[in-house]
Every structure is written in structure tokens, then in C-alpha cells.
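To convert a position in the sequence shown, counted from 1, into the working numbering, add 1079.
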Amino acid sequence: EREAATLRNVETVLDAPDADLHWYGKDDVYPLRKMGHLTVTDRDVTDEVDPDALLSRAQELRDELTFRDA
């Protein structure tokens, strides 16, 4: 079922210093359609990166976003 693509609750993602939101600007949203993506980076300058922590952070930020009025 197609709906108007109105992204909501972006403030948390836009305010996050470790993440960037890439919105593709598509007019309609429907199941399995890719509307954009998040890029999460490790701001700690070390040799070791924790991929599980980055994935967890990306999922946390993703869960803040919605295309529906809540």
C-alpha cells in the first residue's frame, strides 16, 4: 500500500554528531522500498572499531524515524 513519504522525528538523527541521514526524496513509501540510509561513524580515534556498537547505534537512530504520524 503506497503512502505519501513524509519523514518524521528526524531531529534526533540530525542532532547526532556521529550520524548522517541520507534521504532520497522519493514521493511515495511502500513496503521494502529503500527511502534513504544512515551513516554512523566512530568518532573515537583509536585503532579498534566496535562494529556491534556501531550497528546498535544505527538501529537506535533508525528506530527514531517514521513515515507515519505518531
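For every residue, glycine included, the Cβ atom is placed at its ideal position computed from N, Cα and C.
Would you say residue i and residue j are within 7 Å of each other, going by their C-beta atoms?
{"i": "residue 1124", "j": "residue 1136", "result": "no"}
{"i": "residue 1098", "j": "residue 1133", "result": "no"}
{"i": "residue 1154", "j": "residue 1080", "result": "No answer is possible for residue 1154: the residues shown for the chain start at 1080 and end at 1149."}
Once DSSP output is grouped into helix, strand and coil, what is the label at residue i?
{"i": "residue 1112", "result": "coil"}
{"i": "residue 1093", "result": "helix"}
{"i": "residue 1142", "result": "coil"}
For residue i, count neighbouring C-beta atoms within 10 Å of its own C-beta (all shown protein chains included) and say buried if the count is 16 or more, exposed if not.
{"i": "residue 1092", "result": "buried"}
Does the count of Cβ pairs from the region 1086-1101 and the region 1109-1118 closer than 8 Å reach three? yes
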